[in-house]
Amino acid sequence: MDKYFAKVRYIKVGKISKEMLIRENHSKEQSAIKKHPVMSAQLSKLGFIGDEQGDTQHHGGENKAVLFFSSITYNKLNILKNTNFEFNDMSYFGENLLVSHAYEENVCIGDVLQINDTIIEITQPRQPCWKLSFNTNINSLTKSMYEYGFTGWYGKVLQEGTINQDDIVLLKKRVFPDLTINLLNQLIINPKTNPGLVEKALSCKSLGKAFKLSLEKRYTDDSFEHLSYQK
Numbered sequence: 726m727d728k729y730f731a732k733v734r735y736i737k738v739g740k741i742s743k744e745m746l747i748r749e750n751h752s753k754e755q756s757a758i759k760k761h762p763v764m765s766a767q768l769s770k771l772g773f774i775g776d777e778q779g780d781t782q783h784h785g786g787e788n789k790a791v792l793f794f795s796s797i798t799y800n801k802l803n804i805l806k807n808t809n810f811e812f813n814d815m816s817y818f819g820e821n822l823l824v825s826h827a828y829e830e831n832v833c834i835g836d837v838l839q840i841n842d843t844i845i846e847i848t849q850p851r852q853p854c855w856k857l858s859f860n861t862n863i864n865s866l867t868k869s870m871y872e873y874g875f876t877g878w879y880g881k882v883l884q885e886g887t888i889n890q891d892d893i894v895l896l897k898k899r900v901f902p903d904l905t906i907n908l909l910n911q912l913i914i915n916p917k918t919n920p921g922l923v924e925k926a927l928s929c930k931s932l933g934k935a936f937k938l939s940l941e942k943r944y945t946d947d948s949f950e951h952l953s954y955q956k
């Protein structure tokens, strides 16, 4: 296939901050959400060398090795929230790769991408959490990202290598054209609206385990009506 798909605008990595994040229930957590631009980085099966995650239960691992975010989605959020988040600054949304052109509506589960000598398979949407609001000082941000589907998405590293700023992103393979990130974001909010697509998503071998379990639980829960975002 080898189709031009996007361009790497920024690569961002970060260490776990010494600053403790304090939740509404007063519990404290460490985080590495504040990532910073680098010109080039080595990508391993577990993510970029030098990049860290504070909450390894919900972030990182092979199926969530790379967090993508789109410059298109950045612009949408800036308009929605009347903000001026800059692409070349700290990662406001915890992203590792900020890309052009590709975004939630044209990225599909199972897409195989080549960036320089790396190969990455798209696994699932990112599920927004309270840390996004904390990191941006906008209390409503997490809820907005969740409800509008402005989430970003994760990738699994099939082939390790080096990624550089301005590298071209090639789409090498697309197996599940119906399962866009945007669609999965809609299904996780209310899976009862489209049982056929939920069944298709649950049978998709490329969909990340964490997201699949969450979707299946909500779909099979007879008491489910409508899912609010998780704070």
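At position 76 of the sequence shown (counting the first as 1) the number is 801 in the working numbering, and the numbers step up by one without a gap.
C-beta atoms are modelled at their ideal positions from N, C-alpha and C, and glycine is treated no differently.
These numbers come from a predicted model, not from an experiment.
For residue i, which residues in the same chain have their Cβ closer than 6 Å to its Cβ, ignoring the five residues on either side in sequence?
| i | result |
| --- | --- |
| Gly933 | Asn788, Thr848, Gln849 |
| Ser858 | Asn864, Leu866, Thr867 |
| Lys760 | Lys737, Val738, Gly739, Ser816 |
| Lys956 | Low confidence applies to Lys956: its pLDDT is 40, below 50, so where it sits in the model is not reliable, and the reading given next is rough at best. Cβ within range, chain order: Trp855. |
| Thr671 | Because the chain in this structure spans residues 726 to 956, residue 671 falls outside the shown range and cannot be described. |
| His826 | Ala731 |
| Asp946 | none |
| Lys728 | Leu896 |
Once you ignore the five residues that flank residue i on each side, which residues in its own chain have a CB closer than 7 Å to its CB?
| i | result |
| --- | --- |
| Ala790 | Lys770, Leu771, Gly772, Gly880, Lys881, Val882 |
| Glu941 | Leu927 |
| Tyr944 | Pro916, Val923 |
| Asn910 | Glu829, Pro850, Gly874, Thr876 |
| Asn807 | none |
| Lys937 | Leu927 |
| Pro762 | Tyr735, Ile736, Lys737, Asn813 |
How about residue i and residue j: are their beta carbons less than 8 Å apart?
| i | j | result |
| --- | --- | --- |
| Lys897 | Asn821 | no |
| Phe812 | Leu823 | yes |
| Val894 | Ile840 | yes |
| Ser931 | Gly785 | no |
| Asp842 | Gly886 | yes |
| Leu838 | Phe730 | yes |
| Asp780 | Ser742 | no |
| Asn831 | Thr905 | yes |
Between which two residues does the alpha helix (DSSP H) holding residue i run?
| i | result |
| --- | --- |
| Ser869 | 866-873 |
| Thr876 | Element bounds for Thr876: n/a, residue is neither H nor E. |
| Pro850 | Where Pro850 is concerned, there is no enclosing alpha helix (DSSP H), although the beta strand (DSSP E) it sits in stretches over 843-850. |
| Gln911 | 906-914 |
| Leu940 | 934-945 |
| Ser920 | Checking the sequence shown, residue 920 turns out to be Pro, not Ser. Per DSSP, Pro920 belongs to the alpha helix (DSSP H) from 920-927. |
| Asn831 | Here Asn831 belongs to no alpha helix (DSSP H), and DSSP marks it neither H nor E. |
| Asn862 | Segment: none, Asn862 is in no alpha helix (DSSP H) and carries neither H nor E. |
Residues in the same chain with beta-carbon distance under 8 Å from residue i, minus the five sequence neighbours each way, listed in chain order, please.
| i | result |
| --- | --- |
| Pro902 | Cys833 |
| Tyr954 | Confidence in Tyr954 is poor, its pLDDT being 47 and thus under 50, which makes the residue's placement unreliable; the coordinate value appears in the next sentence. Correct list, in chain order: Pro853, Thr867, Lys868, Tyr871, Glu872. |
| Pro920 | Tyr944 |
| Ser939 | Gln852, Ile913 |
Span of the beta strand (DSSP E) holding residue i?
| i | result |
| --- | --- |
| Thr887 | 886-889 |
| Ala731 | 728-738 |
| Lys897 | 893-898 |
| His988 | Beyond the ends of the chain as shown, which are 726 and 956, falls residue 988; an answer cannot be given. |
Report task. Evaluate the contact criterion for the segment 753-768 versus the segment 869-878: three or more CB pairs, one atom per stretch, below 8 Å. Result -> The answer is no - the segment 869-878 does not touch the segment 753-768, with fewer than three Cβ pairs under 8 Å.
**Report entry** Those runs of the beta strand (DSSP E) which lie wholly inside the segment 768-820 and span at least 3 residues
**Finding:** Uninterrupted beta strand (DSSP E) stretches at least 3 residues long and entirely within the segment 768-820 occur at 791-795, given in chain order.
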